[in-house]
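Colleague: One structure is given below, represented as structure tokens, and several questions about it will come after.
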Amino acid sequence: MQIDSGQTSGLEQFIQANPISAMAAINMLGWTVFFGLACIFAGLALGDIKIEKVSKYAFLANGVMMFTGAIGYLFDQSVVVFLCMNLGMSSAILIATIPLCYLFKRSY
1301 MQIDSGQTSG
1311 LEQFIQANPI
1321 SAMAAINMLG
1331 WTVFFGLACI
1341 FAGLALGDIK
1351 IEKVSKYAFL
1361 ANGVMMFTGA
1371 IGYLFDQSVV
1381 VFLCMNLGMS
1391 SAILIATIPL
1401 CYLFKRSY
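What the sequence shown shows, in my numbering, is residues 1301 to 1408, in sequence order.
Here's what the structure looks like:
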């Protein structure tokens, strides 16, 4: 109703592209803190077989990078957030996923 009548004041807090909005903060909380915790627990759940060790250390490294990204977001360090969230997370999850594919294929 507000948008139809041209009144858009106050809606900027609901836009994710606004870096100081509540939606962006919730998004970063999920990707940094909760995904970081999930990766650390996933890494700790894996065993000591060679193929599992690669995924284990990739998950643990990703968890550390996510927490580093959260600290970078809190202190408005966009370079740290970019390196941890975009480059770090994508490479760590790729490195963790490939050995897990071989492991799951071998076990079934």
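By construction, the Cβ of each residue, glycine as well, lies at the ideal position given by its N, Cα and C atoms.
#1: Exposed or buried, which one is Ser1355 when buried takes at least 16 other CB atoms within 10 Å?
#2: Do Gly1340 and Gly1372 have their C-beta atoms closer together than 8 Å?
#3: With a threshold of 7 Å (Cβ to nearest heavy atom), would Leu1400 be considered close to the ligand GDP?
#4: Considering only residues of the same chain and omitting the five flanking positions on each side of Phe1359, which have a CB-CB separation below 8 Å?
#5: What does a CB cutoff of less than 7 Å around Leu1403 pick up in its chain, not counting 5 residues either side in sequence?
Modeller: Reading it off the structure:
#1: Buried.
#2: The sequence shown places Ile at residue 1340, not Gly. Cβ atoms of Ile1340 and Gly1372: not closer than 8 Å.
#3: With respect to the ligand GDP, the structure shown offers nothing to examine, as it has no ligands at all.
#4: Result list for Phe1359: Cys1339, Ile1340, Ala1342, Gly1343, Leu1346, Ala1392, Ala1396, in chain order.
#5: Correct list, in chain order: Ile1351, Glu1352.
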